[in-house]
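Take a look at the structure set out below.
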Amino acid sequence: MTAPANAAREDDLRFEAEALPYIDDVYRFALSLTRDAADADDVVQETFLRAYRSWHTFQPGSDARRWLFTITRNVFLRSRERERRHVDIEDGDLEALSSFAAATDQERDGSDRILSRIDLGPALQRALNELDEPFKSAVVLVDLEDQSYEAASEILGVPIGTVRSRLFRGRRILQEKLMTYARDAGFTTAQRGQRGSKDD
Amino acid sequence: MTECNRDIDCRSAVQKLWDYLDEELTPDRMDEVRRHLERCGDCLPHHEYGRVFLAALATARQTDARAPDALRRRVMDSLRAAGFNA
């Protein structure tokens, strides 16, 4: 075998040992983003193909899972480019703070107690399905995949402040959707009836 | 309403609450917020609300999701077509 062929073979063996073991993680991340098994399959296949073709850019010893998540997210975004709605709300601490202040007002209105009484599982799944980018990726990475702000920042290619802002905004949107779900389920009326009661 | 003996005020504590719940503050800041929450009856419900919300959100993770065998084959086929030879 020639020297270049040997090197290529070495690269492939490294790819097999360091990247392919993360196929379950990539699949789960793709599933969280797409919320559709067939779409997730497409994203995973394209992710590993791109990863293989750009394996020479991977820094040995760095976090392969994080690197693969970056590619996964880019593949997902490209696949959704046509249908992706442009979201004007963007970065900055002011945005983060104002969204949190709004959430705080909502809590004071009794929303926290309403949410504690409903089964959040199905409502959360639905709310996540409906959450738009760029908020969905931030929420999935930090809240579902347990990535740090720093890791999410690297995967998303944005500053940590932007991750924080998107995260707060995404959580706020999810909370609003859950409140809509609670109202539809009749919890708001029940809660209002208890305002000023011993629960307060 | 509970009287607060604050190291930081309520506004500052609430502003830092998500970072606190995500354990993204420095150790000193974590202590500041924790001390505040221990003493402040106004802010503690916000903390509980955030904690319950994030715990519920974490359960939405598809922990048992494994790449199906058909997908593994599909990935390997596409890699081999691209020259993968391990």
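Chains as they are written, first to last, in the numbering used here: chain G, 1 to 200; chain X, 1001 to 1086. Ideal placement from N, C-alpha and C gives every residue a C-beta, glycine not left out.
Distance, Arg1035 (chain X) Cα to Leu20 (chain G) Cα: Your numbering for residue 20 (chain G) matches position 20 in the first sequence. Your numbering for residue 1035 (chain X) matches position 35 in the second sequence. For Leu20 (chain G) and Arg1035 (chain X), the distance between alpha carbons rounds to 45 Å.
Closer than 7 Å at the beta carbon, the chain X residues around Phe58 (chain G): Within the first sequence, the letter at position 58 stands for residue 58 (chain G). Residues of chain X with a Cβ closer than 7 Å to the Cβ of Phe58 (chain G) do not exist; the shortest Cβ-Cβ separation is about 15 Å.
Beta-carbon spacing of Val139 (chain G), Leu167 (chain G) below 8 Å: Start at 1 with the first residue of the first sequence, and residue 139 (chain G) comes out as number 139. Start at 1 with the first residue of the first sequence, and residue 167 (chain G) comes out as number 167. Going by C-beta atoms, Val139 (chain G) is nearer than 8 Å to Leu167 (chain G).
Cutoff 6 Å; reference Phe48 (chain G); Cβ partners in own chain excluding five residues on either side: Here residue 48 (chain G) refers to the residue found at position 48 when the first sequence is read from its first residue. Taken in chain order, the list of residues that qualify is empty.
Taking the C-alpha atoms as reference points, what is the distance between Phe29 (chain G) and Pro122 (chain G)? Taking the first residue of the first sequence as position 1, residue 29 (chain G) is located at position 29. Taking the first residue of the first sequence as position 1, residue 122 (chain G) is located at position 122. So the two alpha carbons sit approximately 19 Å from each other.
Kindly list, in the order they appear in chain X, the residues whose Cβ is closer than 8 Å to that of His44 (chain G). One-based indexing of the first sequence puts residue 44 (chain G) at position 44. In the sequence as presented, His is not what sits at residue 44 (chain G); that position holds Val. Ordered by position in chain X, the residues that pass the 8 Å Cβ test against Val44 (chain G) are Ala1067, Leu1071, Val1075.
Alpha-carbon to alpha-carbon, His1046 (chain X) and Pro60 (chain G): In the first sequence, counting from the first residue as 1, residue 60 (chain G) sits at position 60. In the second sequence, counting from the first residue as 1, residue 1046 (chain X) sits at position 46. Whole-angstrom Cα-Cα distance: 43 Å.
Using only CA atoms, which one of G:Gly157, G:Ala64, G:Leu68, G:Ser32 lies nearest to Glu46 (chain G)? The residue given as residue 46 (chain G) occupies position 46 in the first sequence. Restricting attention to G:Gly157, G:Ala64, G:Leu68, G:Ser32, the CA atom closest to the CA of Glu46 (chain G) is found in G:Leu68.
Can you confirm whether Arg1051 (chain X), when its beta carbon is compared against all beta carbons of chain G, has any partner nearer than 8 Å? Your numbering for residue 1051 (chain X) matches position 51 in the second sequence. No, its Cβ sits nowhere closer than 8 Å to a Cβ of chain G.
Kindly indicate if chain G contains any beta-carbon less than 8 Å away from that of Asp1028 (chain X). In the second sequence, counting from the first residue as 1, residue 1028 (chain X) sits at position 28. With 8 Å as the cut-off, Asp1028 (chain X) does not count as an interface residue toward chain G.
Would you give the residue range spanned by the alpha helix (DSSP H) that Gln147 (chain G) belongs to? Stepping through the first sequence from its first residue, residue 147 (chain G) is reached at position 147. Counting along the chain, Gln147 (chain G) falls outside any alpha helix (DSSP H), and DSSP gives it neither H nor E.
Three or more C-beta pairs under 8 Å: does that hold for the region 155-172 of chain G against the region 1073-1084 of chain X? No: fewer than three Cβ pairs fall under 8 Å.
What are the boundary residues of the alpha helix (DSSP H) that includes Thr180 (chain G)? Here residue 180 (chain G) corresponds to residue number 180 of the first sequence, with the count starting at 1. Looking at the DSSP string, the run of the alpha helix (DSSP H) that includes Thr180 (chain G) is 160-184.
Listing by chain order, which chain X residues have their CB less than 9 Å from the CB of Tyr149 (chain G)? Locating residue 149 (chain G) in the first sequence gives position 149, counting from the first residue. Proximity of chain X to Tyr149 (chain G) at the Cβ level (cut-off 9 Å) is accounted for by Asp1019, Asp1022, Glu1024, in chain order.
Compile a chain-ordered list of the residues in the region 52-76 of chain G whose CB is closer than 7 Å to at least one CB of chain X. Those would be Tyr52, Arg53, in chain order.
What's the gap between the Cα of Ala1067 (chain X) and the Cα of Tyr27 (chain G)? For the purposes of this step, residue 1067 (chain X) is taken as the residue at position 67 of the second sequence. For the purposes of this step, residue 27 (chain G) is taken as the residue at position 27 of the first sequence. Whole-angstrom Cα-Cα distance: 6 Å.
What did DSSP end up calling Ser1078 (chain X) once you bin it into helix, strand or coil? What you label residue 1078 (chain X) is simply residue 78 of the second sequence in a count that begins at 1. Ser1078 (chain X) falls in the helix class under three-state DSSP.
Whether or not the region 122-133 of chain G and the region 170-181 of chain G are in contact is what I'm after, with contact meaning three or more pairs of Cβ atoms, one per stretch, closer than 8 Å; do they touch? In this structure the region 170-181 of chain G lies against the region 122-133 of chain G, because at least three pairs of beta carbons, one per stretch, are closer than 8 Å.
Name the chain X residues that come within less than 9 Å of Arg9 (chain G), Cβ to Cβ? One-based indexing of the first sequence puts residue 9 (chain G) at position 9. For Arg9 (chain G), the chain X residues whose Cβ falls inside 9 Å of its Cβ are Asn1085, Ala1086, in order along the chain.
Compute the Euclidean distance between the alpha carbons of Ala152 (chain G) and Trp55 (chain G), then round it to the nearest angstrom. Indexing the first sequence from 1 puts residue 152 (chain G) at position 152. Indexing the first sequence from 1 puts residue 55 (chain G) at position 55. Between Ala152 (chain G) and Trp55 (chain G), the C-alpha separation is close to 21 Å.
Any beta carbon from chain X within less than 8 Å of Ile23 (chain G)'s own beta carbon? As a first step, residue 23 (chain G) must be located in the first sequence, where it is residue number 23. Using a Cβ-Cβ cut-off of 8 Å, Ile23 (chain G) counts as an interface residue toward chain X, since at least one Cβ of chain X sits closer than that to its own.
Is the CB of Ser1078 (chain X) under 8 Å away from at least one CB in chain G? Here residue 1078 (chain X) refers to the residue found at position 78 of the second sequence. Cβ-Cβ to chain G under 8 Å: yes for Ser1078 (chain X).
Could you tell me whether the Cβ of Phe15 (chain G) comes closer than 8 Å to any Cβ of chain X? The residue you call residue 15 (chain G) lines up with position 15 of the first sequence. For Phe15 (chain G), the answer is yes, since a Cβ of chain X falls inside 8 Å of its Cβ.
Could you give the C-beta distance for Arg65 (chain G) and Tyr22 (chain G), rounded to a whole number, given that I count them as a contact under 8 Å? For the purposes of this step, residue 65 (chain G) is taken as the residue at position 65 of the first sequence. For the purposes of this step, residue 22 (chain G) is taken as the residue at position 22 of the first sequence. So it is a contact: roughly 5 Å between Cβ atoms.
Thinking just about the alpha-carbon of each residue, which of X:Ser1012, X:Gly1083, X:Ser1078 is nearest to the one in Cys1040 (chain X)? In the second sequence, counting from the first residue as 1, residue 1040 (chain X) sits at position 40. Cys1040 (chain X) has its Cα closest to that of X:Ser1012, out of X:Ser1012, X:Gly1083, X:Ser1078.
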